[in-house]
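Notes follow once the structure below has been shown.
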Amino acid sequence: MISAEEDLLTALYTSHYRELVRLATFLTSDRDNAEEIVQDAYVKVHGSWRGLREPEKAEAYLRTAVVNLSRSRLRRRQVVAKHQPEPMLDVDSAESQAMRTTRRDAVLEALQQLPRRQREAVTLRYYADLTEAQTAAAMGCSVGAVKSHTSRAMTALRPLLEDER
Amino acid sequence: MSAEDRLREILSSEASTVLPAGDGLTRIQERVARRRRLRMVLLPAGALATAGVVAAVLALGGGVGSQSLEQTPATQGPTPSPTTASGYDGPAIWPFGSQADVDSWNRDPGSRGWAANAREVAQRFATDFLQLPGVTAVGDGREVSLRLGTVKLGTARLERLEADGPWTVVAVDGGDLIVTTPAAGARISSPTSVEGRIDGLHENVRLQLVTTAGKQLTQASAPAGQEAPWQGTLTWTDSTWSTGGIVGTTRSDRDGSLTRLVAVPVTRSSDAPFAPDSFVGLVDGKVLLLDGTNGRRLSQLTYPPAGTTDTSATWSNDRLAWVRSAQTGCDNTLFLKAGEGIETIVPGRGFIIQSPQLSPSGAVLAWVQQPCEGGVPVVRVRAEGAPIRDVVIESNLATWVRDVRNDGALLVVTKDPERTDPAILRVVPGDATRLSSGRVMTGAPGCEWRAAAFLGSSVLGGETCGDRSRAIPLSDDGSRRGADTFLPAPQYFGTITVRESVVLVQIFSSDVDSRGIVGRYSRGVVSPFDPLPSCSAETGAGCLLAPDW
């Protein structure tokens, strides 16, 4: 049994690990911790291996776990930030403004400024290339909500994307 | 290309720059294996008891087999876990500061199952608790090395507060970065002096006080040097925590990367007097927080971007308001920090803003605002939950708000720039909308008011007569209630600020203006703080201006 589980783990790692790390990076804007989130997801899903009625859906379970763990990470970061008397940088420094040299960076930054669910929706739809139904399953919401979040996100991003053309 | 396709292209391009480290599978496999073993020791109590009986029978019979040995430890690693009935009984930092924390974990580890593994705890201590990205925990058991690349930052010491219970960090040994005071487990109160030694040259030690719950209460910087003891002061007001740690770090002069990490556990002294003894002031165009007991620098509060400078600040009840001015052009912004948020009260461009003042509760903010192109200034008063009240100044007078009460009453100094008449001090009622409705404080002939503050229900004004100055207690009705002794000539009051009836002043000398004396004041006597070490009497660089508490 353990050997079969290990084989499945290895197969899922080979197939999806890198893409899930990238997904977690988009969802959390945190490259340093994205791998840890995805590893947590694998360990978590591995714990339910035997309960999986349809092992072929392991990828979807992993993706949902990554979305949920990313949310937890963001919440924790917000709590920490709330109590962190960091320097009060109320405007961008000249250096950081100078570094934002391309529209592409502006789009990525705007993506990070979106409300969490809107960011999740467009990332799952346009990075992970999921259908609306798959996105809804990963986010734990209805297809209608996915449509709404995606539409609002695109309304916010469209001016930057159109400028790019 | 549609906007959606363009977004796909950008996300795909950005994703290609994210490359996992390559050891992910190994790490997952290790954690899965640990989890399997952990499950075996986290069986329900009845099953554990049964296992204990079986183990005892086997031990008595001398037949301890390899299988029973594999099931015993809760964690792996070269250091055996304590096997005593009770666990570690000393002070701890994180994630468990008390037996109650451990009891909670025992009932439901929840998402903190990792606490059964010492290395995991050390890793999360660095990256989650201390927010030090890139630090790696190496090793296991009671001593785990914390590294940043090839640099060893320190050694985390871990213990279990309960035999076979979860691990907790009890200290970090920082190598040649040593904290000598306070001692591990000391009961501390605000302000606390933190002292230690370090071997490096010209290193600054950044100090933080962090609670077991993960809240950073305060931070400070301590200049340090080879073979010279360093010292910093931590000041805080939160009285809701019980355990935590004082954390010290140093960084490389070359690239700012971490070089050392030390941590000692501390507990809050519950019988300590509440001591919010701190104040703010301006140094080189930045707002600093300073120790109210000795005037030493505690921390920097604002970081003006290049081309701007902070020109005035006021602080009450943990709220800070300050004016940021562009070094060229008429571009001034008034900010208010209350809680976690920073609010722009008056956006830049168009107005000169000066002398902001917060009431003792911090709920009322008053300032003087004047159009850049000229015109009559107005005093604006912003109280929580109420529209802004404008106090109209009937003629074009130079105007400064010196203080504001919780009821919105103002203490205002005005001077006619076109005439040589002395400056006038008024108390303006909290509901007044015209400056002229304020009551003029009685000045002595030939004297003028420069600084002033509310002192309880009365006023303390700084009066200057020629080259001599003194403080005058005044009633709200404007009458003088006596006079303090004169300051040595030619000194005068630049600032008077009062908190809970304790007076802090800044006194300048009109012949050497750049370096003011800051200190506590009582009835004509100033108890000066030492000037900031960086203050230049000649140029004023590094000197403290406009203290406020």
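Quick mapping for you: the protein sequence lines, in order, are chains V and P.
Residues in the first sequence are numbered from 2 upward in steps of one, following my numbering.
Residues in the second sequence are numbered from 465 upward in steps of one, following my numbering.
Note that beta-carbon positions come from the ideal geometry of N, C-alpha and C, so glycine has one too.
Predicted, not measured: the structure shown is a model, and the values here were computed from it.
A Cβ-Cβ separation of about 7 Å places Val608/P in contact with Val602/P under the 8 Å criterion.
Nearest to Val904/P by C-alpha distance, out of Thr897/P, Ala887/P and Gly910/P, is Ala887/P. Val67/V sits close to Val39/V, with the two beta carbons spaced by under 8 Å. Contacts with chain V at 8 Å (Cβ-Cβ) do not include Arg760/P. Annotation: Tyr767/P is outside any beta strand (DSSP E) and is labelled neither H nor E by DSSP. Residue environment for Cys836/P: exposed (fewer than 16 other C-beta atoms within 10 angstroms of its C-beta). Counting only residues of its own chain and dropping the five nearest sequence neighbours on each side, Ser965/P has a CB closer than 8 Å to the CB of Leu919 and Gly920.
Here Val147/V is not near Glu163/V, since their CB atoms are 8 Å or more apart. Among the residues facing chain P, Arg153/V is not included, as its CB has no counterpart in that chain under 8 Å away. Within the segment 875–916 of chain P, complete beta strand (DSSP E) segments of at least 3 residues are found at 888–892, given in chain order.
Rounded to the nearest angstrom, the Cβ distance from Val990/P to Gly980/P is 11 Å, too far for a contact under 8 Å. Identification of residues in the segment 848–871 of chain P having a C-beta nearer than 8 Å to some C-beta of chain V yields an empty set.
Chain order gives the chain P residues near Gln40/V as Gly488, Arg491, Ile492 and Arg495, where near means a beta carbon separation below 9 Å. When the beta-carbon positions are compared, Arg853/P and Thr792/P stay at least 8 Å from each other. As the crow flies, the alpha-carbon of Ala802/P is around 13 Å from that of Leu765/P. One Cα belongs to Ser30/V, the other to Ile474/P, and the distance between them is close to 15 Å. Contacts with chain P at 8 Å (Cβ-Cβ) do not include Leu9/V.
With respect to chain P, the C-beta atom of His47/V has a partner C-beta closer than 8 Å.
The three-state secondary structure of Thr65/V, taken from DSSP, is helix. Close partners of Thr26/V in chain P (Cβ separation under 8 Å): Ala479 and Val482. The segment 579–650 of chain P is shown to contain whole alpha helix (DSSP H) runs of 4 or more residues at 582–588, in chain order.
In its chain, beyond the 5 residues on either side, Ala862 and Ala887 have a beta carbon closer than 6 Å to the beta carbon of Lys879/P.
Using beta-carbon distances, Leu471/P counts as an interface residue toward chain V, with a partner under 8 Å. Gln672/P: member of the beta strand (DSSP E) spanning Asn668 to Thr675, first to last residue. Thr863/P sits in a strand when the DSSP states are folded into three classes.
If you compare the alpha carbons of Ala915/P, Ser476/P and Gln563/P with that of Leu875/P, the shortest gap goes to Ala915/P.
Take the alpha-carbon of Thr156/V and the one of Leu28/V: they are about 19 Å apart. Taking 8 Å as the cut-off, the Cβ atoms of Ala635/P and Arg621/P count as close. For Leu475/P, a Cβ of chain V is located within less than 8 Å of the residue's own Cβ. Using beta-carbon distances, Pro729/P does not count as an interface residue toward chain V, since no partner is under 8 Å. In the structure shown, Leu158/V adopts helical secondary structure according to DSSP, grouped into three states.
Residue environment: Val840/P is assigned as exposed (fewer than 16 neighbouring CB atoms within 10 Å of its CB, all protein chains considered). Residues of chain P with a Cβ closer than 7 Å to the Cβ of Val67/V do not exist, since the nearest Cβ in that chain sits about 13 Å away.
Distances from the alpha-carbon of Val855/P to those of Asp717/P, Arg844/P and Gly849/P put Arg844/P closest. Using beta-carbon distances, Pro597/P counts as an interface residue toward chain V, with a partner under 8 Å. The straight-line gap separating the alpha-carbon atoms of Leu762/P and Leu161/V is approximately 43 Å.
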